[in-house]
Amino acid sequence: MPKNSKVTQREHSSEHVTESVADLLAHQEPVDYKRSVLNVTGETWDKQKEGDEDLDAENRPAWNSKLQYILAQIGYSVGLGNVWRFPYLCQKNGGGAYLVPYLVLLIIIGLPLFFLELAVGQRIRRGSIGVWNYICPRLGGIGYASCLVCFFVGLYYNVIIGWSIFYFFKSFQYPLPWSECPIVKNGSVAVVETECERSSATTYFWYRETLDISNSISESGGLNWKMTLCLLVAWSLVGLAMIKGIQSSGKVMYFSSLFPYLVLVCFLVRGLLLRGAVDGIMHMFTPKLDKMLDPQVWREAATQVFFALGLGFGGVIAFSSYNKQDNNCHFDATLVSFINFFTSVLATLVVFAVLGFKANIMNEKCVVENAEKILGYLNTNVLSHDLIPPHVNFSHLTAKDYNEMYRVIMTVKEGHFKELGLDACLLEDELNKSVQGTGLAFIAFTEAMTHFPASPFWSVMFFLMLINLGLGSMIGTMSGITTPIIDTFKVRKEVFTVGCCIFAFLVGLIFVQRSGNYFVTMFDDYSATLPLTVVVILENIAVAWIYGTKKFMQELTEMLGFRPYQFYYYAWKYVSPICMAVLMTASIIQLGVSPPGYSAWIREEAAEKFLFYPTWAMAILISLIILASLPLPLVFILRQFHLVSDGSNALSVTYKKGRMMKDISNLEDNDETRFILSKVPSETPSPMPTHRSYLGPGSNSPMEMSSAPNGRYGSGYLLASTPESEL
């Protein structure tokens with residue numbers, strides 16, 4: 008025994024012995040139980056198998072640098088929602104006042120749960136399936152549910168990347184193809200395409216040239232070959248980025264995570280130089296404080312926080328599982344959470360600077376069109392020249408002059424004013440037109456860019472940014488599938504990644520038929536929201552109430568080298584579960600209240616129309632929710648009634664290559680001897696042991712030794728497999 012050990016130092020001491028069992032074991036020579044008298048199972052020692060297990064544990068891929076890991080987490084969490092969802096919610100829910108509930112919920116829900124996922128991934132060093140099998144085998148369905156949700160989301164998310172790829176290649180021409188309506192020949196007469204004339208050039212290009220959309224979800228219309236090719240390119244990019252795991256995806260993240268910030272800053276500088284940009288920003292951040300009392304605002308803020316950080320998908324756990332165990336994941340959680348928040352604010356500034364410019368352009372167009380109407384009424388004596396203020400000059404008519412003239416005419420012609428068909432042309436009305444999602448990116452923003460000088464350059468930059476934002480999130484989403492499956496079933500990384508991408512492409516063909524956009528809407532609205540909320544609630548319960556918050560905090564203390572703030576204890580134990588339960592209840596109510604339907608583009612009317620889902624589509628919708636949630640009760644039942652083994656019914660000890668690993672699934676909350684002994688924390692998926700006092704031979708051991716259920720082990724130890732071999 009080493010001379011400097013506590014036991015040696017106290018051999019000649021008269022002090023009362025308070026040496027822990029963990030300290031005693033830590034100084035023993037390593038024993039291989041399969042080759043020693045400890046092997047009471049009759050198992051034969053398989054040197055090759057043991058060597059493979061050791062290599063799997065010790066040679067797990069790792070990030071090349073801390074920067075690469077942080078960029079990967081940022082690239083995953085900062086996605087398309089930051090650009091086209093957050094600005095819409097901010098405008099809809101009170102402008103600057105919306106930032107208050109969002110920031111509050113980010114701190115009390117987002118940050119603690121994000122930290123929790125980072126910590127369990129780094130602590131156990133496995134994907135989502137392995138992590139939740141280890142923490143609570145009966146809730147092992149959490150990992151499988153996460154994989155299914157990742158698959159559903161990845162299916163339609165990559166379609167959006169495909170759309171961006173199509174617009175990206177279309178941007179290399181001047182003028183931009185969506186800047187003007189196409190001219191069609193009707194015999195010897197050239198006329199503007201009717202559908203485009205009744206809507207707008209950008210709207211027509213989106214619905215007809217890009218999607219070639221059908222009138223309803225029931226009209227398939229066959230595959231759109233242009234979008235099929237773009238989807239193939241999108242899945243090829245994802246496959247190439249993922250094929251070598253983090254060795255390949257980590258390098259991609261240097262560009263895909265940083266390039267969007269370069270584009271956003273360029274757009275912000277350019278946007279602020281545009282006429283009317285300040286109007287958009289002032290409109291955006293003018294707080295409507297009464298909105299803060301609306302429960303709907305808080306529900307939407309909580310949902311946005313939830314999805315912005317990628318909670319429940321398994322991507323956060325997968326990325327953190329490649330870290331060393333002494334990595335400061337608390338710092339990572341705080342940094343990534345607030346970078347995500349400030350990115351959303353930056354994107355909001357950019358969007359409303361550009362939309363403010365667009366609103367001024369559209370308002371001027373409105374003034375010109377209505378001024379021509381007034382001139383026509385003056386020339387036909389429908390209106391008297393006396394109604395026009397003397398200082399108004401129709402050659403240089405300003406919005407202020409038009410509004411003054413409009414009010415005078417409305418007052419004098421009160422009884423017949425509606426027949427004149429004049430519009431108010433208020434800038435505020437243009438700014439209040441809420442757009443989000445594809446409507447913002449592919450219609451409103453593209454229309455604004457047509458008025459930019461050097462518009463093709465800005466269009467190329469914008470859609471390349473969308474591709475990179477989507478690619479970063481897709482890498483994280485796919486990691487939420489590949490990492491747990493590879494860890495659990497030991498399949499070849501390259502083969503599984505390629506097979507997964509090919510299968511996803513084939514299934515994703517449903518989204519590139521002419522009615523595909525309606526399926527994207529269905530999957531976006533229903534495939535993830537409710538199942539993921541349930542998943543995160545169960546994650547929180549598994550760690551805080553089943554595994555034990557005190558125990559988890561102690562392990563974090565030993566893993567990080569400092570004790571996390573007591574705030575996290577109460578957040579995990581009480582605040583987060585209650586808030587998530589309220590959010591789940593509100594989401595269920597919202598699903599019940601909101602009619603299950605979609606906005607369809609009607610070609611003949613050149614307008615959107617809300618339609619209800621047909622019966623077969625409702626069946627698909629319900630099946631998505633059930634299928635994504637099915638692993639949760641299924642795995643619980645199978646393991647509760649011992650239909651499959653979970654290896655959690657007793658303490659197992661394995662002596663292997665100088666370290667002792669313990670599986671302590673069912674120990675009491677006050678038993679802190681469950682931790683794994685290791686000289687180098689990064690070697691194993693378990694931290695160092697805690698120290699409990701050894702009270703002498705006559706007292707009770709802090710570890711309760713119970714007989715095994717099958718009665719084979721007199722010592723009460725079950726020589727079961729280690730966490731590595733279980734996963």
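Numbering (the working numbering), first residue to last: 8 to 734.
Even for Gly, the Cβ is constructed at its ideal location relative to N, Cα and C.
Which residues in the same chain as residue i place their Cβ atom closer than 7 Å to its Cβ, once the five residues preceding and following it in sequence are excluded?
i: residue 205; result: 613
i: residue 419; result: 394
i: residue 230; result: 516, 519 and 520
i: residue 324; result: 124, 127, 128, 134, 135 and 138
i: residue 593; result: 306
i: residue 579; result: 119, 123, 547, 550, 551 and 556
i: residue 214; result: 220 and 608
i: residue 228; result: 221, 520, 521 and 522
Please report how far the alpha carbon of residue i lies from the alpha carbon of residue j, in whole angstroms.
i: residue 672; j: residue 70; result: The pLDDT assigned to residue 672 is 39, lower than 50, so where the model puts this residue is not dependable; a value taken from the coordinates is nonetheless given after this. So the two alpha carbons sit approximately 29 Å from each other.
i: residue 456; j: residue 462; result: 6 Å
i: residue 554; j: residue 499; result: 32 Å
i: residue 248; j: residue 648; result: 42 Å
i: residue 652; j: residue 254; result: 34 Å
i: residue 497; j: residue 250; result: 15 Å
i: residue 570; j: residue 314; result: 28 Å
i: residue 62; j: residue 316; result: Its pLDDT being 47, under 50, residue 62 is placed unreliably by the model, and nothing is read from it.
i: residue 336; j: residue 106; result: 26 Å
i: residue 641; j: residue 148; result: 7 Å
i: residue 139; j: residue 643; result: 12 Å
i: residue 430; j: residue 413; result: 8 Å
i: residue 501; j: residue 513; result: 19 Å
i: residue 301; j: residue 401; result: 45 Å
i: residue 4; j: residue 360; result: Only positions 8 to 734 of the chain appear in the structure, and residue 4 is not among them; the question remains open.
i: residue 384; j: residue 468; result: 46 Å
i: residue 417; j: residue 290; result: 27 Å
i: residue 99; j: residue 440; result: 10 Å
i: residue 405; j: residue 396; result: 13 Å
i: residue 261; j: residue 348; result: 20 Å
i: residue 376; j: residue 600; result: 41 Å
i: residue 388; j: residue 179; result: 50 Å
i: residue 211; j: residue 398; result: 40 Å
i: residue 240; j: residue 176; result: 12 Å
Check the C-beta distance from residue i over to residue j and give it rounded, since I have them as a contact under 8 Å.
i: residue 104; j: residue 353; result: Their Cβ separation, rounded to whole angstroms, is 19 Å, which puts residue 104 and residue 353 out of contact at 8 Å.
i: residue 183; j: residue 466; result: 6 Å
i: residue 246; j: residue 504; result: 6 Å
i: residue 735; j: residue 266; result: Look at the range of the chain in this structure, 8 to 734, and you will see that residue 735 is not part of it.
i: residue 321; j: residue 539; result: With 8 Å as the limit, residue 321 and residue 539 do not qualify as a contact, their Cβ atoms being about 10 Å apart.
i: residue 79; j: residue 326; result: 5 Å
i: residue 449; j: residue 170; result: 7 Å
i: residue 358; j: residue 94; result: 4 Å
i: residue 222; j: residue 624; result: Actually they are not in contact, since the Cβ atoms of residue 222 and residue 624 sit about 15 Å apart, beyond 8 Å.
i: residue 544; j: residue 584; result: 6 Å
i: residue 488; j: residue 508; result: Not quite, the Cβ-Cβ distance comes to about 10 Å (not below 8 Å), so this is no contact.
i: residue 167; j: residue 477; result: 6 Å
Counting only the same chain and skipping the five closest in sequence on each side, list residues whose C-beta sits under 8 Å from that of residue i.
i: residue 293; result: 102 and 103
i: residue 364; result: 278, 281, 282, 283, 284, 287, 455 and 458
i: residue 511; result: 158, 161, 162, 165 and 242
i: residue 620; result: 224, 529, 603, 604, 605 and 628
i: residue 645; result: 651
i: residue 216; result: 184 and 185
i: residue 197; result: 190 and 191
Residue i bridges to which residues according to DSSP?
i: residue 196; result: 193
i: residue 614; result: 609
i: residue 619; result: 604
Please work out which residues of its chain come closer than 6 Å, Cβ to Cβ, to residue i, disregarding the five sequence neighbours upstream and downstream, and give them in chain order.
i: residue 112; result: 308, 309 and 312
i: residue 174; result: 470
State yes or no: is the beta carbon of residue i nearer than 8 Å to at least one beta carbon in chain C?
i: residue 162; result: In summary, chain C is missing from the structure at hand, where a single protein chain is found.
Under the criterion of a Cβ to heavy atom distance below 7 Å, does residue i qualify as lining the ligand NAP?
i: residue 94; result: The ligand NAP is not among the ligands present in this structure, which contains no ligands whatsoever.
(request) Entirely within the stretch 58–136 and at least 4 residues each: give me those alpha helix (DSSP H) ranges in chain order. (result) 73–84, 87–91, 93–99, 106–112 and 118–131
(message) Give the list of continuous beta strand (DSSP E) stretches no shorter than 3 residues that lie fully inside the stretch 172–240.
(response) 190–193 and 196–199
(request) Just list the alpha helix (DSSP H) runs in the stretch 513–579, keeping only unbroken ones of 4 residues or longer that don't cross its boundaries, in chain order. (result) 523–533, 536–548, 556–567 and 573–577
(request) Identify every run of the alpha helix (DSSP H) within the stretch 404–465, keeping only runs that are complete inside it and at least 4 residues long; order them along the chain. (result) 406–419, 424–427, 434–438 and 452–456
(message) Please give me, in chain order, every unbroken run of the alpha helix (DSSP H) with length at least 4 that falls completely inside the stretch 238–285.
(response) 253–279
(message) If we require 4 or more residues per run, which alpha helix (DSSP H) segments fall completely within the stretch 293–364?
(response) 302–315 and 322–327
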